[in-house]
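Have a look at the structure below, then the notes.
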């Protein structure tokens, strides 16, 4: 059953060239228009299930914050309808809903009243809010004296403790320090377990993958993709990479002479031509990944990821055009789609020669695996052209190969660091008296 129903919603804002044009339009009524319409959202339809965590991604200006404000009832849609079932608590723009002249305590009661809580109910919730915010005596000072970090602490403490049915967070946690951010993430997980519907905007792909059950990608006010977070994030990041590549080609591309190499293509003695899985694939295809495999130190193909062992990640690539500054690498993810680790030839200070069309290279990455918790881990191979700071993806295959880690000792978190423990103690020597 849905908590939020968004049906064919569009939102436009009038843009005036001069302030006087607004007055002219008011005086002439509908007879003449002095503005142009800017459409922040166009024909958005979404169904957000009750009790789910829903992530919104997109570039700045894509309409994410506008959509949250429409759901919260702060704005009204130009077209379409939004139906919300339950009490909403929203953490939107920094300081929104706070009166800067009021103290933190006064603003807690003000926000609670806006949400329909009685003074008695707010009094009961106040100790939990004050404790979570951890801003000390500043709770009794005017909000205008707060830093941005203190503001978000109090705002988040109010938002999560007023017993909402729906919690909305708009990138506000990016302001907080790491300690507070971790506490907020734990609280979000707790609210999700309690059945609270959570809608959040984030530019962090890792946050969306680890928190959300569903994600939506907005671009220039339109819904591009909605569904399983791994797929949505992969397509969103691919679009951002391609956009960056086009920008760099337009403004920073170096002119170079086209040369033809009459020599025969370079061919690696060991070539992997197996790609077990393709969740998503993108790049300009000036070069391509031929295959990927995981091998033991002896060169045998692995069926399971061993614990605390040496392994080889072998990636074969082929150039389809000239690749002047090739970079080959991979990214390792856990079963939640969280990026755990990765490396590439440039990061390891390996300078590959320029690839000519037809060249095939095989790159072996020799890894020392730590102790991993027993779950599936995937490897995403890629080849790019450029430097670590500025590159263009030629070919990237999401989750091309996945292996289950062997079961070993108990692992807390994702992995166990290699660790040596030293116990230091002073031995007390007792002496007998009168012996």
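Numbering (our numbering), first residue to last: 26 to 460.
C-beta: ideal position from N, C-alpha, C; glycine also.
Supposed contact pair residue j and residue i - C-beta distance, whole angstroms, cut 8 Å
| i | j | result |
| --- | --- | --- |
| residue 104 | residue 33 | 7 Å |
| residue 423 | residue 304 | 4 Å |
| residue 426 | residue 290 | Rounded, the Cβ-Cβ distance is 26 Å, inconsistent with contact. |
| residue 321 | residue 336 | 6 Å |
| residue 116 | residue 88 | Between residue 88 and residue 116 the Cβ distance is about 18 Å, and since that is not below 8 Å, they are no contact. |
| residue 377 | residue 406 | Not a contact, Cβ separation roughly 15 Å. |
| residue 257 | residue 90 | Residue 257 to residue 90, Cβ: 18 Å. No contact. |
| residue 363 | residue 231 | 6 Å |
| residue 340 | residue 355 | 6 Å |
| residue 312 | residue 342 | 6 Å |
| residue 292 | residue 385 | 5 Å |
Beta-bridge pairing of residue i - partner residues as DSSP gives them
| i | result |
| --- | --- |
| residue 351 | 410 |
| residue 38 | 63 |
| residue 380 | 348 |
| residue 358 | 364, 403 |
| residue 78 | 223 |
| residue 369 | 354 |
| residue 396 | 441 |
| residue 493 | Any property of residue 493 remains undetermined from this structure, which presents the chain solely from 26 to 460. |
| residue 191 | 113, 222 |
| residue 319 | 338 |
| residue 327 | For residue 327, which the question treats as bridged, DSSP gives no partner whatsoever. |
| residue 29 | 73, 109 |
| residue 312 | 344 |
| residue 292 | 385 |
| residue 104 | 35 |
| residue 306 | 422 |
Distance between residue j and residue i (C-alpha atoms, nearest Å)
| i | j | result |
| --- | --- | --- |
| residue 408 | residue 418 | 6 Å |
| residue 278 | residue 233 | Residue placement at residue 278 is poorly supported in this model, since its pLDDT is 46, which falls under 50; the coordinates are not used for a value here. |
| residue 187 | residue 436 | 36 Å |
| residue 136 | residue 39 | 30 Å |
| residue 429 | residue 134 | 51 Å |
| residue 346 | residue 93 | 45 Å |
| residue 283 | residue 382 | Summary for residue 283: the model assigns pLDDT 44, below 50, so the residue's position carries little reliability; its value from the coordinates is reported in the next sentence. Near 13 Å, if we compare the C-alpha coordinates of residue 382 and residue 283. |
| residue 394 | residue 28 | 44 Å |
| residue 359 | residue 438 | 11 Å |
| residue 142 | residue 260 | 42 Å |
| residue 194 | residue 81 | 10 Å |
| residue 131 | residue 123 | 9 Å |
| residue 391 | residue 365 | 17 Å |
| residue 139 | residue 68 | 30 Å |
| residue 294 | residue 396 | 32 Å |
| residue 254 | residue 190 | 22 Å |
| residue 238 | residue 268 | 27 Å |
| residue 106 | residue 70 | 9 Å |
| residue 389 | residue 379 | 18 Å |
| residue 153 | residue 95 | 29 Å |
| residue 285 | residue 327 | Low per-residue confidence applies at residue 285: pLDDT is 45, beneath 50, and the placement is therefore not dependable, though the value from the model is reported in the following sentence. Distance between the alpha carbons of residue 285 and residue 327 is about 41 Å. |
| residue 369 | residue 50 | 59 Å |
| residue 31 | residue 251 | 13 Å |
| residue 35 | residue 99 | 15 Å |
| residue 411 | residue 349 | 8 Å |
| residue 109 | residue 420 | 42 Å |
| residue 126 | residue 165 | 11 Å |
| residue 174 | residue 329 | 45 Å |
| residue 443 | residue 86 | 45 Å |
| residue 222 | residue 185 | 12 Å |
| residue 168 | residue 151 | 17 Å |
| residue 205 | residue 178 | 8 Å |
| residue 242 | residue 266 | 15 Å |
| residue 144 | residue 247 | 42 Å |
| residue 387 | residue 210 | 41 Å |
| residue 299 | residue 224 | 40 Å |
| residue 57 | residue 111 | 42 Å |
| residue 162 | residue 148 | 18 Å |
| residue 77 | residue 84 | 23 Å |
Residue interval of the beta strand (DSSP E) (run including residue i)
| i | result |
| --- | --- |
| residue 386 | 385-393 |
| residue 416 | 416-422 |
Range covered by the alpha helix (DSSP H) that runs through residue i
| i | result |
| --- | --- |
| residue 50 | 44-53 |
| residue 92 | 89-97 |
Any non-hydrogen atom of the ligand NAD closer than 6 Å to residue i Cβ
| i | result |
| --- | --- |
| residue 363 | Questions concerning the ligand NAD fall outside what the structure shown contains, since it holds no ligand whatsoever. |
Exercise for the section: Go through the stretch 196-275 residue by residue and report every complete run of the beta strand (DSSP E) that reaches 3 residues or more, in order. Expected result: Those beta strand (DSSP E) runs which fall completely within the stretch 196-275 and span 3+ residues are 222-226, 239-244, 247-252.
Exercise for the section: Starting from the N-terminal side, write out each stretch of the alpha helix (DSSP H) that is 4 residues or longer and does not extend beyond the stretch 107-184. Expected result: Counting only runs of 4 or more, we get 129-139, 144-158.
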